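Protein chains in written order, with the working numbering: chain A, 1 to 332; chain B, 1 to 332; chain C, 1 to 331; chain D, 1 to 331.
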Ligand SMILES: Cc1ncc(C[n+]2csc(CCOP(=O)(O)OP(=O)(O)O)c2C)c(N)n1
Ligand SMILES: Cc1ncc(C[n+]2csc(CCOP(=O)(O)OP(=O)(O)O)c2C)c(N)n1
Ligand SMILES: [Mg+2]
Ligand SMILES: [Mg+2]
């Protein structure tokens with residue numbers, strides 16, 4: 001996320017800060033998800049959760065190109081988007097545990113974190129369910145002249161939902177500032193996308209008048225650069241974009257999806273993890289380019305881990321909502 | 001519709017018969033609709049109807065490429081499809097008047113004519129509502145090995161309905177024998193398609209892996225030739241197609257839509273009617289090519305008109321269903 | 001008290017006036033749907049609005065009910081106050097995910113942080129010879145869903161006052177208009193007024209039987225009440241005006257007073273509005289009722305096209321009259 | 001009479017067995033939906049079917065609920081007998097046009113010429129900590145629609161027998177399975193059997209109060225009946241098994257006998273199943289009832305995620321017990 005810059009800093013310093021911030025955010029997401037898995041394993045978390053591990057560069061690269069007042073919509077696999085948009089891990093964990101201190105006072109849980117303060121219109125457990133919402137937010141932006149951009153995150157599974165094309169068409173007709181970010185992590189739940197997706201994914205944007213681009217979703221710099229261009233374009237009133245990010249989820253569809261060999265080979269997982277890890281590759285580049293060194297990066301990781309642990313402790317200690325809250329917030 | 005051919009006839013004779021059959025069918029549709037308008041004007045028809053006048057070449061060109069056992073689905077503007085697929089005008093008129101002798105025993109009316117005998121799965125008053133049905137029929141054909149092809153007729157307004165893309169994707173994945181025929185008559189109800197359709201229409205097929213082609217929908221020979229190719233291809237298991245026919249409706253969105261200047265210029269109507277009339281142009285070609293002469297064509301027209309008048313008389317004289325039929329046919 | 005001047009407006013005019021006033025009052029209010037601008041909808045309810053407010057506030061959409069309803073949700077969350085137009089209530093089928101899984105739940109799921117101040121206007125009602133896919137009254141579905149409010153006006157006066165309130169409400173409101181009623185005339189004050197949601201209106205006072213009727217059925221019930229009067233039965237006709245929130249108290253009190261009640265609604269009779277309202281009355285007035293609560297809704301068949309068939313699928317003055325008479329033991 | 005050998009099957013196994021038997025019997029029966037093949041659905045209900053019947057009959061689809069449900073309609077009209085899988089009942093929102101404007105109406109609109117012998121299998125039920133978009137029980141909507149049949153089994157035995165009947169039915173049938181019940185075990189005969197639609201089952205006989213319960217609530221009602229027995233109250237628990245057709249007679253007769261009735265259903269309590277069934281009983285047993293029919297459904301709130309909140313939104317053995325006790329005047 002672009003943050004007000006200190007005038008006294010050199011351009012290089014500013015750039016360094018940005019890269020390190022992006023690195024930290026990616027690590028935050030990964031460490032966050034590690035804790036989620038831990039909570040699940042320790043049977044401390046109600047229900048299930050869908051981890052974002054492996055896809056960190058997408059959320060971070062995109063959100064780095066946004067203002068804090070810009071909007072996002074997220075998905076069932078949404079923790080990464082929330083963190084990247086600036087959510088606090090403690091309130092996120094509290095939400096995952098159904099506690100009152102959570103972003104939704106415990107009412108939403110893992111799949112519905114929302115936060116007006118960071119422009120997060122909410123995660124959505126209906127595949128494709130937020131396409132209309134994001135496009136509507138872009139309509140508000142245009143009509144009210146706020147200059148805000150809306151980003152709609154979704155997995156490639158949402159390409160199956162017709163409503164996506166309905167709103168792309170509308171966004172193109174009305175030149176709305178919305179970016180449809182498709183995270184193609186190759187699988188829906190347990191099915192490879194090639195079995196459910198005919199034709200050409202990028203063409204599905206252009207056919208509806210939406211500028212379409214693809215990017216390596218494991219390369220945070222590439223994602224960021226592309227997002228910056230598309231966001232800028234949208235903000236200038238030049239219309240919507242469709243950005244397809246190639247990525248991979250390292251773990252199961254949800255935390256309970258342990259035996260995956262029947263739908264994808266271990267070897268494939270191994271290759272993505274070793275060759276295309278977004279954090280490892282970015283770290284390496286940061287060191288090579290002298291933006292940081294291994295010690296500093298390790299230190300960040302440790303800080304983040306400590307922060308996450310504290311956040312988890314906070315959430316575990318936090319109280320549940322009182323039962324009388326059950327029928328509050330039904331109507332505003 | 002391809003009809004069993006008499007071995008003794010020469011190829012030329014057969015061809016002539018076919019052209020004349022197509023001519024007759026187009027005239028039938030136009031005369032049918034004239035009678036519908038008349039019924040409306042005389043306040044003899046309950047409700048409204050959406051006339052197919054101007055679009056005759058599409059229904060006839062397509063259905064000529066089909067077997068009688070092939071399937072079609074139709075729309076609110078469906079009389080032309082029904083006639084082209086072989087329905088009897090008398091039972092159609094009876095349906096339009098809500099009579100028991102109608103195709104649906106009066107329960108369907110103008111927007112829901114259906115007829116298993118001619119493979120007509122039914123007209124649909126939900127825009128885009130039959131896309132799933134047609135694709136499902138193609139699935140049956142493939143699974144049961146019947147070799148049937150399904151044609152899904154719809155107006156360009158249905159391009160706004162996401163379900164169309166959902167089933168196109170499925171049809172492409174499963175290589176189903178279905179042809180999506182988009183009749184682009186330039187308007188939805190009262191809005192020009194350019195105001196509601198971004199991007200590129202043909203690309204909306206290819207993006208989903210469906211072979212897409214465009215054709216002049218006022219040229220019945222062109223429609224037929226293209227349909228023949230695509231139907232053959234589908235029948236051979238080579239997958240679905242998307243055929244966009246440029247056409248025009250001569251009259252209002254429905255019979256009551258008289259003053260249209262606020263959404264389209266009279267001059268435009270005039271141009272289509274004079275320069276691109278499918279029946280007039282085809283007649284001219286038939287005469288030029290010596291397949292017929294003006295006298296014969298006029299005679300056909302008169303025969304058809306008489307047939308339509310008789311059919312209307314039949315329908316007017318036919319009884320309404322008895323009230324006890326109201327709760328029959330809810331369940332099979 | 002200032003003098004109140006009224007005029008006769010049609011139902012359609014009353015709806016349009018409510019929209020125009022709210023659009024003048026609040027620049028965030030906007031309209032979108034199919035053929036809403038120049039065409040002013042097929043029912044001509046919105047005629048003139050695009051001329052006054054421009055194409056930026058009265059927007060024609062493609063035929064994408066799910067898509068633009070979803071956009072209504074997002075727009076409402078972020079500062080606009082959209083009034084989404086769904087031409088025929090039958091097309092609600094296409095919007096259910098946006099209305100039920102999104103609009104109705106956003107506020108609750110977000111722990112009360114986001115709001116969805118949108119209105120979805122749509123239609124209901126049969127007997128237009130439009131057949132099964134253009135004649136349904138599907139308001140029971142929406143009334144079933146927590147997080148939504150459901151408004152069903154039966155007069156021009158109510159339509160205007162309730163629509164203004166709906167637009168100002170901070171929640172998603174579904175507003176049903178009877179297609180057959182658009183030309184119905186009734187008095188509407190010149191002065192501004194609003195009507196709160198959740199307050200039933202006694203359309204006619206009576207002593208012998210309570211007829212609860214909604215939307216299109218209110219006029220039918222009033223007609224039946226006239227017929228009943230002729231045979232010496234005094235019917236009280238109550239219009240809940242909103243199915244949610246539901247003014248249970250007024251319904252129950254009336255039934256307690258008359259000791260007989262029936263519920264008339266144009267939705268399908270099974271698992272719909274009549275079941276809920278009849279249950280509320282049967283429970284609340286249990287010890288006062290002298291007969292079971294009678295329910296009348298649309299016949300459990302898809303609406304047929306053929307006029308003689310269609311006509312018997314919905315309650316009429318005559319059938320309501322007869323049922324009421326029987327309920328009062330006057331066979 | 002031949003000896004009937006039974007075994008214990010889980011609810012999921014019973015569903016799978018019904019499908020496998022019908023697929024063996026009739027090659028036109030096929031299944032499609034998301035992750036139904038190798039994955040056998042997230043609930044593993046269909047495990048093994050693709051191995052036996054092949055990918056041509058057990059087909060994984062994209063996440064296109066409207067699209068593939070619509071294909072189910074067309075396929076059913078033209079010779080297949082599709083069993084469409086909608087993973088969570090909440091996603092019915094996306095299929096409503098296909099189910100309501102198409103499947104339910106095709107037979108009627110075509111004057112009885114086309115038929116739609118399809119089954120849509122889906123789920124209902126809360127308390128899985130899945131929050132508002134994965135916990136709804138939306139069967140009331142479908143029950144409201146003429147042309148559909150709605151089945152809600154509560155035991156492995158019923159699930160198998162009813163599903164086989166549903167597949168053989170010539171009409172569109174919506175089959176609801178309680179997600180929480182998949183692991184419930186119960187006796188299922190080895191021999192083939194079917195259960196007709198529209199016949200209620202008395203799950204427990206009793207004298208003092210009738211508890212009508214559906215699907216997930218049947219076990220809850222039976223648990224409550226146990227508690228009631230301890231305080232000397234004998235509850236009759238009746239499962240209608242299908243909300244449409246509805247076996248009104250059995251419900252009414254029981255209420256006449258016991259003179260007290262309650263209806264327990266996991267759908268939202270307003271404008272839903274309880275209103276219909278309570279009205280049917282209140283009307284049919286009017287002169288026998290000693291107290292109003294008590295209704296219990298899901299609380300009128302979107303289902304919350306937080307466990308202590310979610311737990312109070314649905315009826316439990318304890319709350320049903322307490323309500324029944326109060327209804328019987330034993331406070
Ligand atoms: C409308 C709808 N259908 C089905 C589901 C069940 N479901 C949850 S996640 C998922 C797969 C989503 O795949 P994708 O969009 O690629 O996202 P990913 O899980 O890969 O991040 C499915 C089918 C759902 N939540 N919503
Ligand atoms: C889902 C749905 N939305 C809206 C309508 C109302 N409506 C009926 S016809 C029509 C326009 C259709 O335009 P098009 O598809 O181009 O067909 P045409 O009338 O031009 O033949 C509309 C909006 C409908 N019937 N169904
Ligand atoms: Mg994916
Ligand atoms: Mg058109």
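Positions of the beta carbon are idealized from the N, C-alpha and C atoms, including for glycine.
This structure is a prediction, so every number in the text was calculated from the model and none was measured.
- Query: Looking at chain C, which residues of the stretch 182 to 213 of chain D have a Cβ within less than 7 Å of any of its Cβ atoms?
  - Reply: Within the stretch 182 to 213 of chain D, no residue qualifies.
- To which residues of the same chain is residue 335(B) closer than 7 Å at the C-beta, ignoring the five residues directly before and after it? Chain B is shown from 1 up to 332; residue 335(B) falls before or after that span and cannot be answered.
- Task: Name the two residues that bound the continuous beta strand (DSSP E) containing residue 244(D).
- Result: Secondary structure note for residue 244(D): its beta strand (DSSP E) is the uninterrupted segment 242 to 244.
- Query: I think residue 64(D) touches residue 170(B), with their Cβ atoms under 8 Å apart; what is that distance to the nearest whole Å?
  - Reply: Sure, about 7 Å apart at Cβ, within 8 Å.
- Could you check the C-alpha separation between residue 22(B) and residue 241(B) for me, to the nearest Å? Cα atoms of residue 22(B) and residue 241(B): separation of roughly 23 Å, rounded to the nearest angstrom.
- Please compile the residues from chain B whose C-beta is within a distance smaller than 8 Å of the C-beta of residue 396(A). As displayed, chain A neither begins before 1 nor continues past 332, which places residue 396(A) out of reach and without an answer.
- Neighbouring residues, chain B, relative to residue 271(D) (Cβ below 8 Å): None at all; the shortest Cβ gap to chain B is about 22 Å.
- Kindly indicate the opening and closing residues of the alpha helix (DSSP H) around residue 23(C). 11 to 25 is the extent of the alpha helix (DSSP H) around residue 23(C).
- Name the two residues that bound the continuous alpha helix (DSSP H) containing residue 247(D). No alpha helix (DSSP H) holds residue 247(D); DSSP gives it neither H nor E.
- So does residue 156(B) have its beta carbon nearer than 7 Å to some heavy atom of ligand 4? Yes, the Cβ of residue 156(B) comes within 7 Å of a heavy atom of ligand 4.
- DSSP three-state call for residue 305(A): helix, strand or coil? Secondary structure at residue 305(A): helix, using DSSP grouped into helix, strand and coil.
- Between which two residues does the alpha helix (DSSP H) containing residue 210(D) stretch? Membership of residue 210(D) in any alpha helix (DSSP H) is not indicated; the residue belongs instead to the beta strand (DSSP E) covering 209 to 213.
- Message: Give me the subset of the stretch 92 to 118 of chain D whose CB atoms are less than 7 Å from a CB atom of chain B, sorted by chain position.
- Response: Within the stretch 92 to 118 of chain D, the residues whose Cβ lies closer than 7 Å to some Cβ of chain B are 97, 98, 101, 102, 106, 107, 108, 109, 110, 111, 112, 113, 114, 115, listed in chain order.
- Query: Given residue 313(D), which residues of its chain have a CB within under 8 Å of its CB, disregarding the five upstream and five downstream residues?
  - Reply: Cβ neighbours of residue 313(D) beyond the five flanking positions: 126, 298, 299, 301, 303, 304.
- Query: Shorter than 8 Å from the beta carbon of residue 166(A) to some beta carbon of chain B?
  - Reply: By this cut-off, residue 166(A) is an interface position.
- First through last residue of the alpha helix (DSSP H) which encompasses residue 60(C): That residue, residue 60(C), is in no alpha helix (DSSP H); its beta strand (DSSP E) goes 58 to 60.
- Sub-8 Å separation of residue 67(C) and residue 127(A) beta-carbons: No, these two residues do not count as a Cβ contact at 8 Å.
- Query: Does the distance from the C-beta atom of residue 26(A) to that of residue 291(A) stay below 8 Å?
  - Reply: No.
- Item | Any non-hydrogen atom of ligand 1 closer than 7 Å to residue 134(C) Cβ | The beta carbon of residue 134(C) sits no closer than 7 Å to any heavy atom of ligand 1.
- Query: Can you tell me whether DSSP reads residue 269(A) as helix, strand or coil?
  - Reply: Assigned with DSSP and collapsed to three states, residue 269(A) falls in helix.
- Item | chain C contacts from the stretch 108 to 127 of chain B (Cβ-Cβ distance under 7 Å) | Going along the stretch 108 to 127 of chain B in chain order, one finds 108, 109, 111, 112, 125, 126, 127 with a Cβ nearer than 7 Å to chain C.
- Cα-Cα separation, residue 264(C) to residue 202(B): So the alpha carbons of these two residues sit roughly 50 Å apart.
- Message: Is the beta carbon of residue 185(B) closer than 8 Å to that of residue 155(B)?
- Response: Yes, the Cβ-Cβ distance between residue 155(B) and residue 185(B) is below 8 Å.
- Task: Report the partner residues of residue 192(B) according to the DSSP bridge assignment.
- Result: Note: residue 192(B) sits in a beta bridge opposite 187(B).
- Message: Please report whether the beta-carbon of residue 135(B) lies at a distance below 8 Å from any beta-carbon of chain D.
- Response: With 8 Å as the cut-off, residue 135(B) counts as an interface residue toward chain D.
- Which same chain residues, not among the five before or five after residue 41(C), have their C-beta less than 7 Å away from its C-beta? In chain order, 35, 85, 87 place their CB closer than 7 Å to the CB of residue 41(C), counting only its own chain and leaving out the 5 sequence neighbours on each side.
- Query: Looking at residue 59(D) and ligand 1, is the gap between the Cβ and the nearest heavy atom below 7 Å?
  - Reply: No; taking the cut-off as 7 Å, the Cβ of residue 59(D) has no heavy atom of ligand 1 nearer than that.
- Whole-angstrom distance between residue 120(D) and residue 230(C), CA atom to CA atom: Going from the Cα of residue 230(C) to the Cα of residue 120(D) covers about 51 Å.
- Task: Classify residue 44(A) as buried or exposed, calling it buried when 16 or more other Cβ atoms lie within 10 Å of its own Cβ.
- Result: Within a 10 Å sphere around the beta-carbon of residue 44(A) sit fewer than 16 other beta-carbons, which makes this residue exposed.
- Query: What did DSSP end up calling residue 263(B) once you bin it into helix, strand or coil?
  - Reply: Residue 263(B): coil per DSSP, three-state reduction.
- Can you say whether residue 4(D) is buried or exposed, counting buried as having 16 or more other CB atoms within 10 angstroms of its CB? Counting C-beta atoms within 10 angstroms of its own C-beta, residue 4(D) has fewer than 16 neighbours from the protein chains shown and is therefore classed as exposed.
- Message: Considering Cα atoms alone, identify which of 58(C), 181(C), 18(C), 159(C) is closest to residue 32(C).
- Response: Checked all of 58(C), 181(C), 18(C), 159(C); the closest Cα to residue 32(C) is 58(C).
- Message: Using beta carbons (cut-off 8 Å, strictly below), is residue 144(C) in contact with chain B?
- Response: Answer no: the Cβ-Cβ gap between residue 144(C) and chain B never drops below 8 Å.
- Message: Within 10 Å of its beta-carbon, does residue 193(D) have 16 or more other beta-carbons around it, so buried, or fewer, so exposed?
- Response: With fewer than 16 other Cβ atoms from the protein chains shown falling within 10 Å of its own Cβ, residue 193(D) counts as exposed.
- Message: Pull the bridge partners of residue 179(A) from the DSSP assignment, please.
- Response: Partner residues in the beta bridge of residue 179(A), as assigned by DSSP, are 151(A), 241(A).
- Within its chain, find whatever has a CB closer than 7 Å to the CB of residue 260(A); leave out the 5 residues flanking it on each side and keep chain order. Counting only Cβ-Cβ distances below 7 Å, and skipping sequence neighbours, we find 252.
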